[in-house]
Each structure stands twice: as C-alpha cells, then as structure tokens.
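Please read the structure below before turning to the comments.
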Amino acid sequence: MGKHKTKDRLFVTRTEHESHFGGKRQFDGEYTFAAKLPLAHCALTFQPCENPVCAPDGTVFEILHILPYLKQYGKHPISGEPLSSSQLITLKFHKNEKGQYYCPVLYKPFTDSTEIACIRTTGNVYSLEAIKELNLSQKYFKDLLTGEPFKKEDVIILQSRKSNIQSVVKKQKAGTERPSALRKPESRENIALDTPSLTCTTWLPKHVDKLEVATECASVPKGYCTLLTNHGSLNFELDSDQAPKATRFFLLSLQRGCLNGVHLFYETGSEYIRTAELQGLPGGEDKLTESRLKQNVDPYVEDSLPAYKLLVSSKYRLKKTCHFAISCEGSKGLEGNYVVFGSLVGRRETAKALVQGLIDELTIHGMNIYVDPWEKEAK
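Offset between the sequence shown (1-based) and the working numbering: plus 699.
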C-alpha cells in the first residue's frame, strides 16, 4: 500500500495463509488422494469402455467384462447386491467434433464436475441440467432425442458432484459401531453446589466430583481378605467396584473385631452357610460411607446364585442387626433379601465339608486384610 508500494496490506494474503496460518498448501506428492474413475470407464477393470452398460445404481461397466462376472457370481461387483444381466442398461454416449463426450441437447462437454444422467428406456446420456430444465420442470417425460416416453424413476445418475462415500462408510459401521450413548466418555458428576451464580455470597467451593467419578467408572480395585477359623482359613475376593457400600461395611466389621468368635453354621435344607444375627456393627459413624458412597446403591440378588458367593443381608442398609452368608450350590429364594459383594476363592473344601456335615461349625478367631480399596481415602 501507499506511495512506495509496500506489501504491508490490511488483509491476510494467500501466501500468508499458506505459510503462517496452516492453510492449504500446494500438492507436493506427500499426500495421497483417492482417484475418481473417469467417465465411460469400466468400474470392474478401470479401463475405457467400448460397449458401455450401467447397473440400476448408475455404475458403468464394459459389457464384455461384466457378463462373465455376473455369470459366475451373480451379484454387483461394487455393492455386493444381487444383479443379473437383464438389469443392465446399454448406454449411448455422444461425442463432439473434438472427440469429447458432451450433452447432445445443450452441446456442453462433460467434465469431472458435470452432473450426468441417462434414461433407462433409451440409454441416451445427457447432462442432468438438461433433464431437469427440459423434462422434469416442464413435466415433459419423453426422451429429448427419440421422443420415447419414460417415468421419473427411469432417470439414472451416472456422475454427481456429491460423493456418497460418507453414506457407504456409515452403512458399514452401522453393525459394528457402539451406540452413541456408550461412546460418550464418562463425564464428571458435579453436585449442585459446584455451579451456582458467582453473585451468590454464600457459595462455598466443594469438590467431591472426583470421588464420584472413581466409583462410577469402576476404577476401584478388588479387595482381598482372609478369615481365620478353627478348621483353616477362608480366602475372599471382594467386589469393591460393584457393591462398594457392602464391601466397606464388611471390612469395617473385620477391622473392629465384630466377627471375632462368631460361628458359621449350615442348617440342613437351607441355601447358604451363615452367621448368627450380629449387633454392634459399624453404622453411620463411617464418614467415607456417608460422603463418597452415599449415592451408590448396591445391587440386590435377583436370581439364583452360583456357589461360594459372599452375601450380606439387606438389613445392613437400615443400620440394624444383620448377618453374613456364603451361598451354596444353586441357591434360590434369596431375591431381594441379600447383596452379593464377593466370593470365596480359596479353601472351598472347608465350606464344602461344612455343608456335607463333616464339620459341625466354623469359629472365626482372626482375619487378615491384604487389599483394602478404601484405606487411603478413609485416611
């Protein structure tokens, strides 16, 4: 600008877009672009057609190559749909004096961006512009060269500016892609106190969403403990990610010695090995249960259980007396009365001997907690 013709312009030039702002750069062979099949080329051999035909979807083939293919396979080579030779349409392309394919009505040569269509009944190839202006808009459904009548459905698109690659990819992914609700990442679960207006003078920052996310994404590790009895030890794996409240309740009961001296017994005909009704168990005084685990709901038993599952009666939710149990083979009738929060993974023969009557009862006299998923957070 100005007297000395400097290049300090008031707008961003094309060169600046390319070199400074990450704009479109000249093709240097580094990138590979999908090649478009030229007009009147066979989609099966990618060679120019001498006797072109097209399928009902507008795909162009050489008749000498597509007929043996259909005789052997009987399906569309591109889409895989059933296709017979009787469905093929013979195409009639027209060339001008320069040998270029062109529209015989508008006399415009075809290019890569020209929308091209043919008439099913005659096979004549026109530009889609001519068919829209002279046939569809005028409701004149006769071939522009021969006068043969046709229907609107007989117009077949051979070439369009719009690419259908996105629709093809979408159909291919439809059967394998997960639903959108499952593809969304786990969002942070904010409480009401996290998002009030800044003009509120009583707002206090409170950040508990991190703890809620850890439980919701099932990132809590499994718990492991051992009960020492008069007939050996019983090793348990605790499902802290599925029943966090019951797991926390059980570990607190062990740490506070609530199960020391408790008997495990089996009644003939019952569905489980159980303890007596326990009292003095940890209740509302556990701050971790009242804060982080407050929103969690442990699942009830809804159907028959496999053997050696660790259970707690649903009364523990009401902070009253409750008992623990171990399910037997094919336990039934426990629906809605128990919560499953672990399984017996070691020394199952001891529990089996109790069920078979080889042992009268088991007395718990100690415990070892190997993995407590709530230990760090409780501190």
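Think of the CB as a built atom: it goes at the ideal place given N, C-alpha and C, for glycine as much as any other residue. Every value quoted in this text rests on a predicted model; they were computed, and no experiment measured them.
If you look at Y768, you'll find it in the alpha helix (DSSP H) that goes 762 to 772. If you look at I777, you'll find it isn't in any alpha helix (DSSP H); DSSP assigns it neither H nor E. Taking the Cα of L1057 as reference, the smallest distance to any Cα among A742, L769, T967 is reached at T967.
Going by beta carbons, L843 and L833 fall inside the 8 Å limit. For K838, the three-state secondary structure derived from DSSP is coil. L958 places its beta carbon less than 8 Å from that of M1066. At a Cβ-Cβ threshold of 8 Å, A816 and L827 count as neighbours. Distance from the CA atom of H930 to the CA atom of T974, rounded to whole angstroms, is 16 Å. Ranked by how close their Cα comes to the Cα of I830, the residues I765, C802, F809 have C802 in first place. Under the three-state reduction of DSSP output, R973 falls in the strand class.
Here L743 is near F760, since their CB atoms are less than 8 Å apart.
Where V1070 is concerned, the enclosing beta strand (DSSP E) starts and stops at 1061 to 1070.
The distance from the Cβ of F1040 to that of T925 is about 16 Å, inconsistent with a contact at the 8 Å cut-off. Look at A816 here: in three-state DSSP terms it is strand.
Under the three-state reduction of DSSP output, K850 falls in the coil class, being neither helix nor strand. Within its own chain, the residues whose Cβ lies closer than 7 Å to the Cβ of A1006, once the five positions on either side in sequence are excluded, are S1026, C1027, E1028, listed in chain order.
Per DSSP, K735 has no beta bridge partner at all.
Residues S826, L827, E828, I856, Q858, S859, R860 of the same chain have their beta carbon placed closer than 8 Å to that of E814, with the five preceding and five following residues left out of the count. About 11 Å separates the Cβ atoms of I972 and A1052, ruling out a contact at the 8 Å cut-off. If you draw a straight line from the Cα of K921 to the Cα of L937, it is about 6 Å long.
For E936, the enclosing beta strand (DSSP E) stretches over residues 931 to 937. When T758, G798, F948 are compared, the shortest CA-CA separation from W1073 is found for F948. Non-local C-beta neighbours of K807 in its own chain, meaning closer than 7 Å and more than five positions away in sequence, comprise Y801, S826, ordered along the chain. Between the C-alpha atoms of V1070 and F935 there is a straight-line separation of about 11 Å. Bounds of any alpha helix (DSSP H) do not take in T928; it lies within the beta strand (DSSP E) bounded by 922 to 928.
Annotated three-state conformation of F948 is helix, per DSSP. For T789, the secondary structure class from DSSP, reduced to helix, strand or coil, is strand.
Straight through space, the alpha carbons of V854 and L835 are spaced by roughly 10 Å. Going by C-alpha positions, T810 is about 14 Å away from V824.
Boundaries for S784: no beta strand (DSSP E) harbours it, and the DSSP string shows neither H nor E there. A buried status is given to L790, since no fewer than 16 other beta-carbon atoms sit within 10 Å of its beta-carbon.
When secondary structure is reduced to three states using DSSP, V804 falls in the coil class, being assigned neither helix nor strand. In the three-state reduction of the DSSP assignment, S718 falls in the helix class, which pools H, G and I. Within the same chain, Cβ atoms closer than 7 Å to the Cβ of F745 are found at L736, the five residues on either side in sequence being excluded. Going by DSSP, K831 is part of no beta strand (DSSP E) at all; its letter is neither H nor E.
Secondary-structure assignment with DSSP links L963 through a beta bridge to T974, L1061.
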